[in-house]
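Under the UniProt record's numbering, the sequence shown has 414 at position 414, and the numbering climbs by one with no breaks.
Accompanying notes for the structure given below.
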Amino acid sequence: MTLFKRTFWLIAVIFVLSIAILLPLIHFAGKLSSLNRSGLPIKKQKKVAFLKQTSSKIALLSANSESRKVTSEFLELQRSNFPANGQKVILIGLDGATFDVLLPLISAQQVPFFSLLLKTGVYGTLQSIRPIKSPAIWTSIATAKNRDKHGIEDFVTKDMNDHGMIPVTRFQRKVKAIWNMLDTMGRQSLIINWWATSPPEAINGIMVSDVFEFAYDPGQKNGKFKEVFQPPQTEYLLKDIDEGLDAEVEKWFKKITNGITFKEKRDSVPQQSQLDYASDDNLPFVMLKEFIRSDLLVFRASQQLLKEHSYELSAVYFQGIDVTSHYFWNQGHSESFKGMSVNPGGPVVASYYKFTDTLIGELSKLVDPKTNLVIVSDHGFQAAPGDKTRNFMINKLFEIAGLLVFKNDENDIDFDKTVVYDRDSHNTWENTRLCFLTGLDKTGTRKLTTVEDFAVTIESLWKMFSELTTLDGQKVFYSITKVIPDSVQRSANRPDMVFRFNPSLPPGEEVIIGQKKIRVGDFIKEEKYLPGYHELRGIFLGSGPCFLAGKKISGATVLDISPTLLHILGLPVAEDFDGKIIDSAFNTNIVTWTSTEIPSYETQDAGAPVKTGNVPFQKNVIDQLKGIGYLE
Numbered sequence: 001m002t003l004f005k006r007t008f009w010l011i012a013v014i015f016v017l018s019i020a021i022l023l024p025l026i027h028f029a030g031k032l033s034s035l036n037r038s039g040l041p042i043k044k045q046k047k048v049a050f051l052k053q054t055s056s057k058i059a060l061l062s063a064n065s066e067s068r069k070v071t072s073e074f075l076e077l078q079r080s081n082f083p084a085n086g087q088k089v090i091l092i093g094l095d096g097a098t099f100d101v102l103l104p105l106i107s108a109q110q111v112p113f114f115s116l117l118l119k120t121g122v123y124g125t126l127q128s129i130r131p132i133k134s135p136a137i138w139t140s141i142a143t144a145k146n147r148d149k150h151g152i153e154d155f156v157t158k159d160m161n162d163h164g165m166i167p168v169t170r171f172q173r174k175v176k177a178i179w180n181m182l183d184t185m186g187r188q189s190l191i192i193n194w195w196a197t198s199p200p201e202a203i204n205g206i207m208v209s210d211v212f213e214f215a216y217d218p219g220q221k222n223g224k225f226k227e228v229f230q231p232p233q234t235e236y237l238l239k240d241i242d243e244g245l246d247a248e249v250e251k252w253f254k255k256i257t258n259g260i261t262f263k264e265k266r267d268s269v270p271q272q273s274q275l276d277y278a279s280d281d282n283l284p285f286v287m288l289k290e291f292i293r294s295d296l297l298v299f300r301a302s303q304q305l306l307k308e309h310s311y312e313l314s315a316v317y318f319q320g321i322d323v324t325s326h327y328f329w330n331q332g333h334s335e336s337f338k339g340m341s342v343n344p345g346g347p348v349v350a351s352y353y354k355f356t357d358t359l360i361g362e363l364s365k366l367v368d369p370k371t372n373l374v375i376v377s378d379h380g381f382q383a384a385p386g387d388k389t390r391n392f393m394i395n396k397l398f399e400i401a402g403l404l405v406f407k408n409d410e411n412d413i414d415f416d417k418t419v420v421y422d423r424d425s426h427n428t429w430e431n432t433r434l435c436f437l438t439g440l441d442k443t444g445t446r447k448l449t450t451v452e453d454f455a456v457t458i459e460s461l462w463k464m465f466s467e468l469t470t471l472d473g474q475k476v477f478y479s480i481t482k483v484i485p486d487s488v489q490r491s492a493n494r495p496d497m498v499f500r501f502n503p504s505l506p507p508g509e510e511v512i513i514g515q516k517k518i519r520v521g522d523f524i525k526e527e528k529y530l531p532g533y534h535e536l537r538g539i540f541l542g543s544g545p546c547f548l549a550g551k552k553i554s555g556a557t558v559l560d561i562s563p564t565l566l567h568i569l570g571l572p573v574a575e576d577f578d579g580k581i582i583d584s585a586f587n588t589n590i591v592t593w594t595s596t597e598i599p600s601y602e603t604q605d606a607g608a609p610v611k612t613g614n615v616p617f618q619k620n621v622i623d624q625l626k627g628i629g630y631l632e
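Now the structure itself:
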């Protein structure tokens, strides 16, 4: 072969190889050029928000979200547009805390740390949402979404394997919580004891799940630490936080109950915290001791982990105020501080607020003064009407009337044979019940296919129950509200009918419904030892560099917490949130950045798959819920 031919073939080979290498690069460059500044393909510009850079800010221009895949691309490409702004937040959740108790204690100078927060920050009522179920509301706080979107509705859920009831877990949550949103943006979180976080998920930071206290059962530490912490190595930081715990529980128990007298004489409280050892008379005191222990464990875990590292978001949940308020609301009398006896809630509840004030005050000492502190509750408290707490079981009334059919038990509704139902039917101490049609007519045999069909059925049910009285003429319901349907689709946030029971009906009174004579006690059950029950007004307190000082705000709801925290951290809120930023709380001299929106934080793999199965400490959780009165 001549030199010319060899050269020719060499050039040809080089040319072919060059084409093979360059074509993919040209194709990739073409794809890059098809992306606009929002990181989305040009053909999707019409429906997807994009970011417009200016010299001083990033302004988000809006539109509707596209697919979850597109949103995932958007978040990945725009992470660099939201660099850390130096702000940090600690969110403290106090289940059941109310200003009705807190403000008088502040006035009496009994809670120094809360008093300081009121002077240096903002405060106001935080409106909750019905039905007032803590797991659902705390998940709404963490997701900015209503329960029909996030999927957590109750304390328990049905096990898909054996159809029994198991504690609600993170597996039922269908959307991202704020710690997942921070993960998406490359930020770190510390989450301790938040409702519905078991089993714990791996996050960019540390998660201590809501059943972690049971890994420290007194006298029988079971070593299941790896089932309650993520990452599992957290065990080495927390495995000994129960040292000396029993003595500290006894110290605080005596402090909280010291000098308080009760009408009934009760024996000394058993040393064991397990409910099996408690008599009915001792149950309130056993539960009090149980949750002093629980809150101290949460405090110790928080103290240890906050010492180790600083996180952009830390979230810590305490449950003791709620349980104490259920059992001790307006109970007892204190001669040593008479003001606590007349304080709303009574002396034991007031003492527990003082205990909580001490714990939060100690935690605050570990935090940089430039960190923002936000304290919220999921609801407030009030006295139960009458001497006994009452459970208004409207599903039982529907069953008697032939409008509802249960399968295996009263937690298992046969929706193929049911006309109307209350989705939250057990032990909530509320005489207001939110009820829904299933899509069957009143006979339970014909499908409702139009808005007019629904309206006719609602009207028929309203007439039937609004005329229901006892034999001596007392109305069973104070009021029944008809919600005019605008669609054949049902929504968890839009009940079809709202029933308000007459709470003073005597259990022995008789009622005739259809052809049946029944007693009021068949559908209204009386409970002992629950003098306090939930109401809608929770608390919001915000203090730190981002907040105004000494200002009272209004209009905030539990859905607004996550958007507000994201904004403090300089992160965008999402169009699919049900909540908003609490703008009125901010010091605009510090919070100078503009709020931004993205379509959604959800991606194709967002949220855990909805499933059930064995989770750590199921029996412990069920026993505790029964002790509080949330389950029968």
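Note that CB positions come from ideal geometry on N, CA and C, so glycine has one too.
Nearest-angstrom Cα separation, counted from residue j out to residue i
| i | j | result |
| --- | --- | --- |
| P232 | M207 | 10 Å |
| D210 | A196 | 7 Å |
| V89 | E399 | 49 Å |
| I568 | Q87 | 7 Å |
| V573 | H333 | 48 Å |
| I152 | Q172 | 6 Å |
| F454 | S584 | 41 Å |
| W138 | T169 | 13 Å |
| S314 | W194 | 11 Å |
| S543 | V101 | 20 Å |
| V558 | R300 | 27 Å |
| T588 | D414 | 54 Å |
| G346 | G402 | 44 Å |
| T603 | D576 | 13 Å |
| L404 | W329 | 35 Å |
| G439 | N502 | 28 Å |
| L461 | A384 | 29 Å |
| A136 | I590 | 33 Å |
| M464 | F477 | 11 Å |
| Y216 | R293 | 10 Å |
| A84 | E243 | 38 Å |
| S115 | G550 | 11 Å |
| K251 | I203 | 36 Å |
6 Å CB neighbourhood of residue i in its chain, flanking five on each side removed
| i | result |
| --- | --- |
| T470 | E509 and V511 |
| R537 | T125 and G380 |
| T261 | H333 |
| T432 | R500 |
| K370 | P545 |
Classification of residue i by the beta-carbon crowding that lies within 10 angstroms, buried from 16 upward
| i | result |
| --- | --- |
| D162 | Caution applies to D162, whose pLDDT of 45 falls short of 50 and renders its modelled position unreliable; the value that the coordinates give is listed next. Exposed, by the Cβ-count rule. |
| N408 | exposed |
| V451 | exposed |
| G579 | buried |
| H326 | buried |
| Q489 | exposed |
| E213 | buried |
| R37 | Low local confidence applies: a pLDDT of 30 at R37 is under 50, so the model's placement there is unreliable, and no value is given. |
| D368 | exposed |
Contacting residues, own chain, Cβ-Cβ under 7 Å from residue i (five flanking each side not counted)
| i | result |
| --- | --- |
| G124 | F540, K552, I553, S554 and A556 |
| N343 | V101, P104, L105 and A350 |
| P495 | L434, C435, F436 and V483 |
| L397 | F523 |
| K517 | E510 |
| S82 | Contrary to the premise, residue 82 reads as Phe rather than Ser in this sequence. So the qualifying residues of the chain are M185, G570, L571 and P572. |
| F547 | G121, V122, N372, A585, F586 and N587 |
Cβ distance (whole Å) where residue i is taken to contact residue j below 8 Å
| i | j | result |
| --- | --- | --- |
| T443 | V348 | Between V348 and T443 the Cβ distance is about 52 Å, and since that is not below 8 Å, they are no contact. |
| I360 | F586 | Between F586 and I360 the Cβ distance is about 22 Å, and since that is not below 8 Å, they are no contact. |
| E526 | Q382 | That pair is no contact at about 18 Å. |
| I394 | Q304 | The Cβ separation is near 46 Å, so there is no contact. |
Interface flag, residue i vs chain D, CB-CB below 7 Å
| i | result |
| --- | --- |
| Q172 | No chain D appears in the structure shown, which is made up of a single protein chain. |
heavy atom of the ligand MG below 6 Å from residue i C-beta
| i | result |
| --- | --- |
| G555 | The model on display carries no ligand, and the ligand MG is accordingly not part of it. |
8 Å CB neighbourhood of residue i in its chain, flanking five on each side removed
| i | result |
| --- | --- |
| D295 | F318, Q319, G320, F355, T356 and L359 |
| G521 | P507 and G508 |
| L448 | L437, G439, L440, D441, F454, T457 and V488 |
| E362 | F299 and Q303 |
Query - Three CB pairs or more closer than 8 Å across the segment 141-155 and the segment 562-580 - result: Three or more beta-carbon pairs drawn from the segment 141-155 and the segment 562-580 are found closer than 8 Å, and the two stretches are therefore classed as touching.
Query raised in the report: Is the segment 91-100 touching the segment 366-376, taking contact as three or more C-beta pairs under 8 Å?
Result: These segments touch.
Query raised in the report: Should the segment 100-117 be called in touch with the segment 353-367, which here means at least 3 C-beta pairs below 8 Å?
Result: Yes, they touch.
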